[in-house]
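4 protein chains.
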Amino acid sequence: MVGRTHGIHAEPTTFGNKLALWALQVRRERHRIQRARRAVAVGKLSGAVGTYSNINPRVEEIVCDRLGLRPVPATQVLARDRHAEFLYACASVGATVESFALEIRHLQRTEVREAEEGFREGAQKGSSAMPHKRNPVKSEQLCGLARVLRGNLQAGLENVALWHERDISHSSVERVVLADSAMLAYYLLVKFAGIMGTMRADPDRMLANLEASHGLVFSQSVLLALVESGLSRDDAYRMVQRNAMATWESERPFAEVLADDAEVVAALGADRLEACFDLRRAVANVSRTFDALDALPGGPGGPLADDEGTEG
Amino acid sequence: MVGRTHGIHAEPTTFGNKLALWALQVRRERHRIQRARRAVAVGKLSGAVGTYSNINPRVEEIVCDRLGLRPVPATQVLARDRHAEFLYACASVGATVESFALEIRHLQRTEVREAEEGFREGAQKGSSAMPHKRNPVKSEQLCGLARVLRGNLQAGLENVALWHERDISHSSVERVVLADSAMLAYYLLVKFAGIMGTMRADPDRMLANLEASHGLVFSQSVLLALVESGLSRDDAYRMVQRNAMATWESERPFAEVLADDAEVVAALGADRLEACFDLRRAVANVSRTFDALDALPGGPGGPLADDEGTEG
Amino acid sequence: MVGRTHGIHAEPTTFGNKLALWALQVRRERHRIQRARRAVAVGKLSGAVGTYSNINPRVEEIVCDRLGLRPVPATQVLARDRHAEFLYACASVGATVESFALEIRHLQRTEVREAEEGFREGAQKGSSAMPHKRNPVKSEQLCGLARVLRGNLQAGLENVALWHERDISHSSVERVVLADSAMLAYYLLVKFAGIMGTMRADPDRMLANLEASHGLVFSQSVLLALVESGLSRDDAYRMVQRNAMATWESERPFAEVLADDAEVVAALGADRLEACFDLRRAVANVSRTFDALDALPGGPGGPLADDEGTEG
Amino acid sequence: MVGRTHGIHAEPTTFGNKLALWALQVRRERHRIQRARRAVAVGKLSGAVGTYSNINPRVEEIVCDRLGLRPVPATQVLARDRHAEFLYACASVGATVESFALEIRHLQRTEVREAEEGFREGAQKGSSAMPHKRNPVKSEQLCGLARVLRGNLQAGLENVALWHERDISHSSVERVVLADSAMLAYYLLVKFAGIMGTMRADPDRMLANLEASHGLVFSQSVLLALVESGLSRDDAYRMVQRNAMATWESERPFAEVLADDAEVVAALGADRLEACFDLRRAVANVSRTFDALDALPGGPGGPLADDEGTEG
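Chains as they are written, first to last, in this note's numbering: chain U, 1289 to 1600; chain Y, 1289 to 1600; chain R, 1289 to 1600; chain S, 1289 to 1600.
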């Protein structure tokens, strides 16, 4: 399929490569959630200002142990940088799901149609006014909710600076944002998994779109071949750009337009020119993303090791 | 010194305990920065859409190796959840420094005066209009800058969802916020270290303030002693609250007011009543915070191990 | 041109209607900026806590008058809700420019190509690697900067709650965000005006895209005509949806597919069916947006009256 | 009472002046809410992309009229800069209430005790563990909720840039933030009104605190008197600062310490020195804030005129 930068056709890529990059990103989010969980899975029972003035520290140990929490030094309350980290992890999960959902929305555009959210005929009606429409409403919903997660993080970071051994200003905030963010992050993940499970990809459209820019997605290959043939980069660039513009105007295949350009043919010859348009060569190395996935301890879906670094 | 919750005198604590809790929090921030550094210390040289279409993957390895970066799969750009993590770490550092600076501002209030920022007589002038004033202006400055760091994070999280193999909308944001946040987080740490190096604590004022609430900071000890003596919690509570109010009104020591209350004396006896006001007992267990510091691998200032958990 | 909801072709609209809606939105932003300017164009010279303890109030009047400011009661500083309003107005301008720039990015997509940012051939090079590309980089830049403006507002709203007659925590924030937001909001407006001045719209592509969905953009007209002819809405909906799906699959004109459907023809007849596909009728009422523009006091670009309401 | 800047005693002010400034700020918030209400009290019934393709514009007029809304040109949806303005107004109300609530929290500190939230003896219990405590928990709660309002605004500003004639990403956001912000802003106002209705101010403590800094709050008067007597500002400053430090150390009245300084007495004489400590003179001009209140059309609580400017 065509890879797009700035929304403009750039070079060929594969749909699988997109998804493999997502899997690596999901792995990073799992790390963030796992670490945030560890940061907040702590407890304290050390009294009004954290001094165990009227409580035996053993009580804290026993209670925390029962609750699966680690006892930590505190004031009256646990330090709120911990809960801010949890809200950050939720917001980061949101931003990651948003980036995936945004891709689906783009791929489902009428002009693109390379993928679309599952649509249960009969059960689901699409637009009430316009019977022909199938809208990526689930992906849009997730993009929106990512914004709520960001706003909640903001509030959570303001909660860190409390007065002395605590004030209770963080409490009213957390009653709203901790529950909302935890549920929303979970909702986003569940819903997005649902989207992925029923999404339809359309390989024919992918190929048709790739070809719709008349082979211009190979312009860099031509540019580099011209440079290798001995032209200066500036000369090669102008030569390619000239033919690219002619291609747009004439709507003829870029390869043909180039083949009509005496200067190009003189520099490259017909065979080298044709080789520039080899789709297999263009995506020969995308396997490296999959190698990175395979190299993850336990594979992409495996459990995270405690000492595993941030990165997939 | 007095521990305060809601800005109200609560129970005794120690200044050292406050600082030890800070050291643990700083440790957590060092982890966040270290992990964020690892998340962004990656590189890519895999071409226009990340497929190595016209570049040998070995080049990426060699260049990244020279730059001390880890090569990772990418589109045209590295995924922006990485840079958002860096901005989060900066914002969290900001919130933590803010919480410390806020404490200093509170302690320097005219009515409190338990600590104050260093003030170079001669070199520094204080308020231009009011020669008697020494303002905690450095701490105030740091509290403000933490807000900027939070705002920058917000922008960074919006950068994650780019179009297809990248759009360049994140770039204009990052030219502002990446540099600003990195410098501000560093500035906050350097400046706060400077504040700590020259701050003056006033143990006499700490003791005076502790006593200024007439011994009411021991009210919980009295409450619990009454409960232990056999009273219901409700009865004990009312008994203590009644005497607490009388203490505020008469401005006499709480211990004396209680000693005049026949019911209290009947329940506790003079010795047990006096024992409730033992300052040493009240802070006997604060050493646990220091134990937690000592238990950190390498001590509070030691290097962070790669596999060290989040928590100090 | 085709109007799109959810990124999916919906119904015909016109490019002029899009721009007219923008003009109305710009008018609202001008109001916000004008009001914010009024909110911050105030001054005070009333001493250390705002009591004119050692200054004659006349001095404040004279100085403010010279500076074109309105003197207002204050503490040591002017209340910061004023400056937050200014930052809000800048952020709102940012969000509005972002929404316009986002539209241009969408219209410039390779698959859409209905408009594109001006591109100075010769002077400007496009993608360095891919000579065929013309990227909407200016619009992308503006979309990014809107995020910075939002983050700055967040910091500004945190500045409102100062201690007593002021603390100076807002100052370090404002040194960053007031200047940045003022300049960025101005930059966005100037740059976007530049984009509009050189943008190319492509009416042929607009028409081609409108037709590319085979006339399905008229599905609502058909639906309503069927309902008017006596069918239940559910029956009409199923009838239209059935033919819409057949249209996508066969890639034949929707009008032809419908004309082959005996039930549809029985209900509507050929003439009424054809009338549903009348493009002129579909956009006959868009003039109302222009009427709203004309109704603005002084026209869309006219000066704002002091007592003019928010709305255009 | 003492006016404080940076948390440090500065100069005398009055409690009434504080409240009068609040009344002016509340007036500004009422304007913001009123304008935001006008911005969102609009409606549309113009069809799938806002072209009235299948609906008579008269229907829109009639329906909006029934609902008390103003019909405005739109796409499928009303432009979201309007709803962002509403969320801004709510967030600004939040920041303003936060600034008032923060003041109460400061005034209720054990060391200050100049005001406190109403406390229903019997009905209300205070701290469960510490019977002597009365915590400003309502004010703390409001300070927290202001953070939620800020976060929601952030999400609302991200909603402005929708795709083409609308995408539905704003909807999931608004289901959370529009209702929450509207209710929270209302809640903050109602709760804060309740706090104000039952708050107790303590004039004795105000006077005691004013005097607790030994008269140093008059240092500027002394400084200016010395300058008027012919000394350079630098000499005068050093002279006052020297005596201010001696005052803190000796805890003797500043007036007495100055009276023992031969240089000061030589410059000012006893009468002019004494006049510097005149409390009435120090606050003689605070009436100007009340004049500003009186000058509001309809008084501080009066209805806002449509054409009333932003400012009180």
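Virtual Cβ for every residue (Gly too), placed ideally from N, Cα, C.
7 Å Cβ cutoff met for residue i and residue j
| i | j | result |
| --- | --- | --- |
| U:P1240 | U:E1405 | Shown here, chain U extends from 1289 to 1600; a query on residue 1240 of chain U therefore has no answer. |
| U:L1512 | Y:N1344 | no |
| Y:V1436 | R:A1443 | yes |
| R:G1624 | R:A1298 | Only positions 1289 to 1600 of chain R appear in this structure, which leaves residue 1624 of chain R out of reach. |
| Y:L1445 | U:A1383 | yes |
| S:L1330 | S:L1357 | Reading off the sequence shown, one finds Val at residue 1330 of chain S, where the question assumed Leu. Yes; because the gap between Cβ atoms is below 7 Å, this pair is in contact. |
| S:A1403 | S:A1308 | no |
| R:S1520 | R:C1564 | no |
| S:I1392 | Y:T1398 | no |
| U:Y1372 | U:V1448 | The sequence shown places Ala at residue 1372 of chain U, rather than the Tyr named in the question. Yes, they are a contact pair. |
| S:K1607 | S:L1366 | Past the edges of chain S, shown from 1289 to 1600, lies residue 1607 of chain S, and the structure says nothing about it. |
| R:L1433 | Y:S1460 | yes |
| U:A1379 | U:L1441 | yes |
| Y:L1495 | Y:A1555 | no |
Residue environment, residue i, which counts as buried when at least 16 other CB atoms sit within 10 Å
| i | result |
| --- | --- |
| Y:H1294 | buried |
| S:E1544 | exposed |
| R:R1325 | exposed |
| S:V1552 | buried |
| Y:E1562 | exposed |
| R:L1285 | Since the first residue of chain R shown is 1289 and the last is 1600, residue 1285 of chain R is not available in this structure. |
| S:M1527 | buried |
| Y:E1453 | buried |
| R:E1537 | exposed |
| S:M1289 | buried |
| U:M1471 | exposed |
| R:I1456 | buried |
| R:D1353 | exposed |
| Y:S1469 | buried |
| Y:V1571 | buried |
| S:R1568 | exposed |
| Y:A1550 | exposed |
| S:A1558 | exposed |
| Y:A1336 | buried |
| U:E1539 | exposed |
| Y:G1600 | With a pLDDT of only 37 at Y:G1600, under 50, the local geometry of the prediction cannot be trusted, and no value is derived from it. |
Partner residues on chain S for residue i, Cβ-Cβ distance less than 9 Å
| i | result |
| --- | --- |
| Y:Y1421 | Inspection of the sequence shows that residue 1421 of chain Y is occupied by Lys rather than by Tyr. Chain S residues near Y:K1421: T1293, H1294, I1296, H1297, A1298, L1504, S1507 and A1532. |
Cross-chain neighbours of residue i in chain R, by beta carbon under 7 Å
| i | result |
| --- | --- |
| U:V1659 | Outside the modelled stretch of chain U, which goes from 1289 to 1600, sits residue 1659 of chain U, for which no answer is possible. |
Contact test: residue i Cβ vs the ligand GDP heavy atom, cutoff 6 Å
| i | result |
| --- | --- |
| Y:S1501 | Here there are no bound small molecules, and the ligand GDP is not part of this structure. |
Chain-ordered neighbours of residue i on chain Y, where CB pairs are closer than 8 Å
| i | result |
| --- | --- |
| R:M1527 | The contacting residues do not exist; R:M1527 stays about 37 Å from chain Y at best. |
Neighbouring residues, chain S, relative to residue i (Cβ below 7 Å)
| i | result |
| --- | --- |
| R:Q1601 | Beyond the ends of chain R as shown, which are 1289 and 1600, falls residue 1601 of chain R; an answer cannot be given. |
| U:G1432 | S1457, H1458, S1459, S1460 and V1461 |
Neighbouring residues, chain U, relative to residue i (Cβ below 7 Å)
| i | result |
| --- | --- |
| S:E1428 | D1455, I1456 and S1457 |
Partners in chain R for residue i, counting only beta-carbon separations shorter than 9 Å
| i | result |
| --- | --- |
| U:N1497 | T1398 and E1399 |
Interface residues of chain U facing residue i [CB-CB closer than 8 Å]
| i | result |
| --- | --- |
| R:M1484 | In chain order: nothing, as chain U lies at least about 19 Å away. |
| Y:E1386 | V1448 and A1449 |
Chain R contact residues for residue i, given Cβ-Cβ distances below 8 Å
| i | result |
| --- | --- |
| S:L1556 | Simply none; closest approach about 15 Å. |
Chain-ordered residues of the segment 1434 to 1449 of chain Y with a beta carbon less than 8 Å from chain R: Those would be R1435, V1436, R1438, G1439, N1440, L1441, Q1442, A1443, E1446 and N1447, in chain order.
With contact counted as at least three CB pairs below 8 Å, one residue from each stretch, are the segment 1464 to 1484 of chain S and the segment 1313 to 1323 of chain R in contact? With the cut-off at 8 Å, the segment 1464 to 1484 of chain S and the segment 1313 to 1323 of chain R do not touch.
Where the segment 1325 to 1357 of chain U meets chain Y: residues whose CB sits under 8 Å from a CB there: Contacts with chain Y (Cβ-Cβ distance below 8 Å) from the segment 1325 to 1357 of chain U involve R1326, A1327, V1330, S1334, G1335, A1336, V1337, G1338, T1339, Y1340, S1341, N1342 and P1345, listed in chain order.
I want to know whether the segment 1383 to 1396 of chain U touches the segment 1570 to 1586 of chain Y - three or more CB-CB distances under 8 Å. Not touching, per the Cβ criterion.
Can at least three beta-carbon pairs, one atom from the segment 1490 to 1510 of chain Y and one from the segment 1524 to 1532 of chain Y, be found at a separation below 8 Å? Under the three-pair Cβ rule at 8 Å, the segment 1490 to 1510 of chain Y counts as touching the segment 1524 to 1532 of chain Y.
For the segment 1509 to 1525 of chain R, which residues have a beta carbon sitting closer than 8 Å to at least one beta carbon of chain U? Taken in chain order, the members of the segment 1509 to 1525 of chain R whose beta-carbon sits within less than 8 Å of a beta-carbon on chain U are L1511 and Y1525.
Residues within the segment 1463 to 1482 of chain Y neighbouring chain R, beta-carbon criterion of under 8 Å: Considering only beta carbons, the part of the segment 1463 to 1482 of chain Y lying closer than 8 Å to chain R consists of V1464, V1465 and D1468, in chain order.
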